[in-house]
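Trainee: Here the protein sequences come in this chain order: A and B.
Letter by letter, the first sequence follows residues 90 to 281 in our numbering.
Letter by letter, the second sequence follows residues 90 to 281 in our numbering.
Ideal placement from N, C-alpha and C gives every residue a C-beta, glycine not left out.
There are 2 protein chains.
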Amino acid sequence: MFEKLRAFFERDVAITDEQFEFIKTLFVPKKVNKGEFLLREGEMSKYSVFVASGCLRTYTIDNSGKEHILQFSTENWWTGDLSFRSNAPAQCFIEALEDSEIFLTEIDSIQKLTEYIPGLATFYEAALQKSAAAKNQRIVSSLSATAEERYNDFLKKYPSLIQRVPQRMIASYLGISPETLSRIRKKRSYKK
Amino acid sequence: MFEKLRAFFERDVAITDEQFEFIKTLFVPKKVNKGEFLLREGEMSKYSVFVASGCLRTYTIDNSGKEHILQFSTENWWTGDLSFRSNAPAQCFIEALEDSEIFLTEIDSIQKLTEYIPGLATFYEAALQKSAAAKNQRIVSSLSATAEERYNDFLKKYPSLIQRVPQRMIASYLGISPETLSRIRKKRSYKK
Chain A
90 MFEKLRAFFE RDVAITDEQF EFIKTLFVPK KVNKGEFLLR EGEMSKYSVF VASGCLRTYT
150 IDNSGKEHIL QFSTENWWTG DLSFRSNAPA QCFIEALEDS EIFLTEIDSI QKLTEYIPGL
210 ATFYEAALQK SAAAKNQRIV SSLSATAEER YNDFLKKYPS LIQRVPQRMI ASYLGISPET
270 LSRIRKKRSY KK
Chain B
90 MFEKLRAFFE RDVAITDEQF EFIKTLFVPK KVNKGEFLLR EGEMSKYSVF VASGCLRTYT
150 IDNSGKEHIL QFSTENWWTG DLSFRSNAPA QCFIEALEDS EIFLTEIDSI QKLTEYIPGL
210 ATFYEAALQK SAAAKNQRIV SSLSATAEER YNDFLKKYPS LIQRVPQRMI ASYLGISPET
270 LSRIRKKRSY KK
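1) Short of 6 Å in beta carbon distance, which residues of its chain neighbour residue 257 (chain B), apart from the five on each side in sequence? Order them along the chain.
2) Starting from residue 228 (chain B), find everything on chain A with Cβ-Cβ shorter than 9 Å and list it in chain order.
3) Just to check my reading of the structure: residue 136 (chain A) and residue 195 (chain A) have Cβ atoms closer than 8 Å, yes? What is that Cβ distance to the nearest angstrom?
4) Check the C-beta distance from residue 94 (chain A) over to residue 112 (chain A) and give it rounded, since I have them as a contact under 8 Å.
5) Is residue 229 (chain B) helix, strand or coil by DSSP?
6) So for residue 186 (chain B), helix, strand or coil by DSSP?
7) Going straight from the alpha carbon of residue 133 (chain A) to that of residue 146 (chain B), what length do you get?
8) Which residues does DSSP list as the beta-bridge partners of residue 193 (chain A)?
9) On the DSSP bridge assignment, give the partners of residue 128 (chain B) in chain order.
10) Where does the unbroken alpha helix (DSSP H) through residue 278 (chain B) begin, and where does it stop?
11) Note down, in chain order, all residues in the region 236–265 of chain A with a beta-carbon under 7 Å from any beta-carbon belonging to chain B.
12) For residue 263 (chain B) versus residue 102 (chain B), is the C-beta distance shorter than 8 Å?
13) Mind checking who residue 145 (chain B) pairs with in its DSSP beta bridge?
14) Considering only C-alpha positions, which residue in the set A:165, A:129, A:159, A:184 is nearest to residue 96 (chain A)?
15) For a contact defined as C-beta to C-beta under 7 Å, what are the partners of residue 151 (chain A) on chain B?
16) So, is residue 192 (chain B) buried or exposed, given that buried needs 16 or more other C-beta atoms within 10 angstroms?
Structure representation (structure tokens):
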């Protein structure tokens, strides 16, 4: 299972065996079953989560009890609740949508890692910036794009998720009702 | 003008005079007039922007020609287009809404800074994470909150912006029409 973590880092930076031994000390491997929760709203979260296999969803529940999905995380993605930064309890739930292999790492691991393997600093910063750019795009799209445009965009970006994630969750991610999503899908299948 | 930059960093980390001299080598001060553009879509952007005084807006224009405001940046905020990461041309426009004093700094300055002043690494990472958390919240709110909730939230978070930024731009930021915003504001003033 650790080899998947190594492969992930080696996409950007060559990792020596010695460095890999150091990485291993910072990551705790864990298997979670479908339906299991890694985090619930209100808990204190101190880990970032790396997904080696499987699929998680990170979501919030608003005051009226409605779920809003922030993120699906499959192989080689990261997730986590960001509240730890201000020492506040988590605002998110993280749930396994499939049996998954994950790694937990404490917040300060990143600093230890980038001190030990300087090449990773640029890599990490680039990842955060890319993630910020993706969020910006999602903001613009949720403010302006039609439900259909948002679904098409989702298909283009995450083709594999369509097969793996229940329709009602994709609807929640897109901020549309399951009925609207079903209508859009029907319309698409007629076009083919 | 550089003192404002120092004060910003010193909110989190004590800076020695020697360190400050190093910081100065990485930041280029610039004054921009109201209406002036710092960046236009399609240009190659290689700077992050720190706002020492004034107000900027960062926005995109969609295929149908509609503006979407990603961010207003006043004193002590940062902005910039994130496309440089993938060496792609900028997707954003950055325009001064007031006469402003800004600093430009190259992308790799952050790494130089955090190597020279290790305390800043944690500070910088925390800032990126906070920004990511804020973006998450904006995604959830744009997917689920009503126009009125979004306006109230904006008022709470950025009370000073209401005075400084044209109504139509606040509407654009919130993803609502200027007419809806004007109706919400009227309703609020009746309540008082």
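Mentor: The structure says:
1) Hits under 6 Å: 267.
2) 157, 159, 224, 227, 228, 231, 264
3) 6 Å
4) Here residue 94 (chain A) really is in contact with residue 112 (chain A); their C-beta atoms are around 7 Å apart, less than 8 Å.
5) helix
6) coil
7) 35 Å
8) A:117, A:138
9) B:183
10) 267–280
11) 264
12) no
13) B:162, B:185
14) A:165
15) The contacting residues are 233.
16) Residue 192 (chain B) is buried by the Cβ-count criterion.
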